[in-house]
Amino acid sequence: MGYLVPEAFISTGHGFNKYSIKLSSTGFARLKIDMYLSGAGKTVSEEEYLAVFREMFKKLGLPQEKVEEFKFEYMPVAF
Numbered sequence: 011m012g013y014l015v016p017e018a019f020i021s022t023g024h025g026f027n028k029y030s031i032k033l034s035s036t037g038f039a040r041l042k043i044d045m046y047l048s049g050a051g052k053t054v055s056e057e058e059y060l061a062v063f064r065e066m067f068k069k070l071g072l073p074q075e076k077v078e079e080f081k082f083e084y085m086p087v088a089f
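Read in order, the letters of the sequence shown correspond to residues 11 to 89 in the numbering used here.
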């Protein structure tokens, strides 16, 4: 039996950060890290965030190596 999922969203907490993945049936994928106020001025190492996203892909049944194909950008937000 096959399934078509028009959209999926998954998130998890790791340390003081929230990691989320949004997928759509059109092939759109968005991987995002939200850093909480307690993380102000801190950074997340590439090794750490890639490991978290790989584990999330694994739990979704997606190939973990695809995480390496995403381009990650830092976008600071001021409150």
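Quick reminder that beta carbons are idealized off the backbone N, C-alpha and C, glycines included.
Report buried or exposed for residue i, applying the criterion of at least 16 other Cβ atoms within 10 angstroms of its Cβ.
i   : result
M66 : buried
F70 : Looking at the sequence provided, one finds Leu at residue 70 rather than Phe. Label assigned to L70: exposed.
Y29 : buried
I20 : exposed
Determine the extent of the alpha helix (DSSP H) in which residue i is found, giving its start and end residues.
i   : result
K69 : 56–70
Could you give the distance in angstroms between the alpha-carbon of residue i and the alpha-carbon of residue j?
i   : j   : result
P39 : E56 : Looking at the sequence provided, one finds Ala at residue 39 rather than Pro. So the alpha carbons of these two residues sit roughly 19 Å apart.
I43 : P16 : 23 Å
L33 : A61 : 19 Å
T53 : K76 : 23 Å
E78 : R64 : 9 Å
Which stretch, first to last residue, makes up the beta strand (DSSP E) that contains residue i?
i   : result
L22 : First, the residue type needs correcting, since residue 22 is Thr and not Leu in the sequence shown. 17–24 is the span of the beta strand (DSSP E), which, as asked, contains T22.
Figure out for me which residue from the options has the closest Cα to the Cα of residue i.
i   : options       : result
T22 : Y59, G37, S35 : Y59
M45 : G37, I31, G25 : G25
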